[in-house]
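Mapping of the sequence shown onto numbering that gives the first Met the number 0: residues 0 to 433, in sequence order.
Data block below; observations after.
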Amino acid sequence: MLAAMPDSAPSPLSAGGPVLRGSGDACPGTLRLHRADDGALARVRVPGGVLSADRADALLTAARRFGDGELHLTSRGNVQLRGLDAECGGGLAELLTAAGLLPSAAHERARNIVASPLAGLDGSPALGHLLAELDGLVCGSAAAASLSGRFLFALDDGRGDVDALGADVTLIAAGDSCLLRIGAADEVFRVPSGEGPRAALLAAEAFLRAARDSGAWRVKDLPDDVRAGVRADVRAELIRTVRAAAGPAVHRPRPRTATPPAPGAHGSPNAIGVDVPLGRLTPAQWRLLTETARRYGDELRLTPWRGIVVPGPFAHDEAVEALRALDAAGLITAPDSPWTGVGACIGHPGCAKSLSDVRAEAGAAVGPGGRLPVYWSGCERRCGHPHGEWIDVVATPDGHRISHVRGERRAPRTTVRNGDPARLAAAVAEARAL
């Protein structure tokens, strides 16, 4: 039986400080539901965003059988099902378990792993073996079951895309080695590639030991001296167990901006990619993507930017034909789409805390694309906001506040009062063109 969950705590960005453990972890999962105004919500973790066509079919079946039929992509490459009956828990868990989407009930909310979506498809290193091993190690660790639903692992193929997302533990492919980053530290540890997943798990377990006294949910919530202690503990454990990281740490600052794969063809082409307007997929769109995947490579990769990559390989004409069909279905297939870079939370009426229907407002304000992405939030919590640099549009009781965000820095630009959609659209377009 799935129990309705309380609303999640504010993010550190919106609250102005770290989120500490004051109660049980309220992040949604598949074995506990989040209560929303449009029904219950389940968040299905998809490590690395990698789905076979059969598992994608199972998610659609779950959405149609228990929810409103739509599938929503998250900023961590996971899938949310909305409009669920709060009593659907047993049937939902049975369906997902049979499809291989719920390998460990104790760890289902700890399986937060993002990965470079184009890894192995455009000349970059493949990450599949690291992903499978890390997921298996997490599910096999009794301690890892205590990780919060906010804790995030990242597997970067070296291009820096998911390294920029602010994960708690990041592995970066570097030839026959991996670089291990803990939190936002500029220094990384070099470990043999085959030991990378185990090193990542050691880092997560060291965080959990440090978090017992501090009450932190994530590495960035730890006091500075405690974070430094975690890194020292991990290095000592690596030296002891895998004879790695014995040398000095490598200086490699985290990239400031995450660059998602552009919609369109990639490689020779070895893949095609689409972005999903506001991350919301109808049953017909999901079915078309799944059928495309089954025809060419039998795999979908959900991205942390609410897009989907379909690995091939494709002949040139096949890629053109597939992208044309996906474009006709309402998906974003080229970087010059006005929808590129536009995101929003669920807003009103799906969320009781939202002050406006920000999805409708985002759609009404869509125009010529800008340099910066824009994210619309219905309240100060900014659920699902991006990382790096973006234009932040937040609904307030009086209108919408527009700010320019760079990392942890926020520069307010203007406030547009309620009742002036044309001015709001113009102000957002001007901010995005910075």
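Heads up, the beta-carbon is just placed ideally off N, CA and C, and yes, glycines get one too.
First through last residue of the beta strand (DSSP E) which encompasses residue i
i: Pro-191; result: 186 to 191
i: Pro-367; result: It is not in any beta strand (DSSP E) - Pro-367 carries neither H nor E in the DSSP assignment.
i: Ser-376; result: 373 to 376
i: Ala-35; result: 32 to 35
Cutoff 8 Å: residue i Cβ touching any chain B Cβ
i: Glu-407; result: This model lacks chain B altogether, as it is built from one protein chain only.
Contact set for residue i: own chain, Cβ-Cβ below 6 Å, skip 5 residues either direction
i: Arg-230; result: Ile-181
i: Gly-148; result: Asp-24, Cys-26 and Arg-108
i: Pro-411; result: Ser-402
i: Leu-322; result: Ile-271 and Thr-332
i: Ala-361; result: Val-341, Ala-343 and Trp-375
i: Pro-102; result: Cys-138
i: Cys-382; result: Cys-344
i: Pro-459; result: The shown model of the chain, from 0 to 433, leaves out residue 459, and the question about it has no answer.
i: Arg-305; result: Leu-72, Val-275 and Gly-278
Counterpart residues of residue i in DSSP-defined beta bridges
i: Thr-258; result: Answer by DSSP bridge pairing: none, since Thr-258 is not bridged.
i: Glu-388; result: Arg-405
i: Pro-310; result: Ala-270
i: Ile-171; result: Asp-155 and Leu-178
i: Gly-398; result: Thr-395 and Arg-416
i: Gly-342; result: Tyr-374
i: Arg-381; result: DSSP, once it has assigned bridges, lists no residue as partnering Arg-381.
Residue span of the alpha helix (DSSP H) that contains residue i, given as start and end
i: Ile-238; result: 223 to 241
i: Ser-74; result: Counting along the chain, Ser-74 falls outside any alpha helix (DSSP H), and DSSP gives it neither H nor E.
i: Gly-263; result: Here Gly-263 belongs to no alpha helix (DSSP H); instead the beta strand (DSSP E) covers 263 to 265.
i: Ala-55; result: 52 to 65
i: Arg-93; result: Checking the sequence shown, residue 93 turns out to be Glu, not Arg. It spans 88 to 97 - the alpha helix (DSSP H) in which Glu-93 sits, taken as one unbroken run.
i: Ala-143; result: From DSSP, Ala-143 is part of no alpha helix (DSSP H); its letter is neither H nor E.
i: Leu-325; result: 315 to 327
Local conformation of residue i per DSSP, three classes
i: Ser-22; result: Below a pLDDT of 50, predicted positions are generally treated as unreliable, and Ser-22, at 48, falls in that range; the measurement from the model is reported next regardless. Coil, per DSSP.
i: Val-434; result: Shown here, the chain extends from 0 to 433; a query on residue 434 therefore has no answer.
i: Thr-332; result: coil
i: His-434; result: The structure shown does not extend to residue 434, since the chain spans only 0 to 433, so no value can be given for it.
i: Leu-126; result: coil
i: Arg-431; result: helix
i: Pro-411; result: strand
i: Val-45; result: coil
i: Val-249; result: strand
i: Ala-104; result: helix
i: Gly-38; result: strand
i: Arg-300; result: strand
i: Ala-215; result: strand
i: Arg-293; result: helix
i: Leu-120; result: coil
i: Gly-165; result: coil
i: Gly-82; result: strand
i: Arg-422; result: helix
i: Arg-279; result: strand
i: Gly-135; result: helix
i: Asp-356; result: coil
i: Gly-195; result: helix
i: Phe-206; result: helix
i: Ala-305; result: It should be noted that the sequence gives Arg, not Ala, for residue 305. Note: Arg-305 maps to coil in three-state DSSP.
i: Arg-286; result: helix
i: Asp-160; result: coil
8 Å CB neighbourhood of residue i in its chain, flanking five on each side removed
i: Leu-126; result: Gly-47, Ala-114, Ser-115, Ala-118, Gly-119, Leu-154, Asp-156 and Ala-172
i: Leu-201; result: Val-233, Glu-236, Leu-237 and Thr-240
i: Pro-191; result: Asp-175, Ser-176, Cys-177, Val-241 and Ala-243
i: Leu-130; result: Pro-46, Gly-47, Val-49, Ile-112, Ala-114 and Leu-154
i: Thr-414; result: Thr-395, Asp-397, Gly-398, His-399, Arg-400 and Ile-401
i: Val-78; result: Arg-42, Val-43, Val-45, Leu-58, Leu-70, His-71, Leu-72 and Leu-301
i: His-265; result: Leu-117, Leu-120, Asp-121, Ile-271, Gly-272 and Val-308
i: Ala-97; result: Ala-57
i: Glu-483; result: For residue 483 there is no data in the structure shown, the boundaries of the chain being 0 and 433.
Proximal residues to residue i (C-beta, below 7 Å), its chain only, five neighbours per side dropped
i: His-386; result: Ala-163, Leu-164, Gly-165 and Ala-257
i: Arg-75; result: Asn-111, Val-113, Leu-151 and Pro-303
i: Pro-222; result: Ser-213
i: Arg-158; result: Ser-115 and Ser-123
i: Asn-417; result: Asp-397 and Gly-398
i: Thr-169; result: Ala-153, Asp-155, Asp-162 and Arg-180
i: Asp-326; result: Thr-332
i: Ser-22; result: Note that Ser-22 scores a pLDDT of 48, beneath 50, so its modelled location is shaky; the value from the coordinates is reported in the next line. Taken in chain order, the list of residues that qualify is empty.
i: Arg-226; result: Gly-182 and Val-218
i: His-106; result: Val-137, Cys-138, Ala-143 and Ala-144
Can you confirm whether the region 287 to 298 touches the region 306 to 316 when touching is taken to mean that 3 or more C-beta pairs between the two stretches lie within less than 8 Å? yes
Would you call the region 38 to 55 and the region 79 to 91 touching, i.e. three or more CB-CB distances under 8 Å? yes
Any contact of the region 341 to 360 with the region 387 to 394, i.e. 3+ C-beta pairs under 8 Å? yes
Three or more beta-carbon pairs under 8 Å between the region 133 to 142 and the region 195 to 212, yes or no? yes
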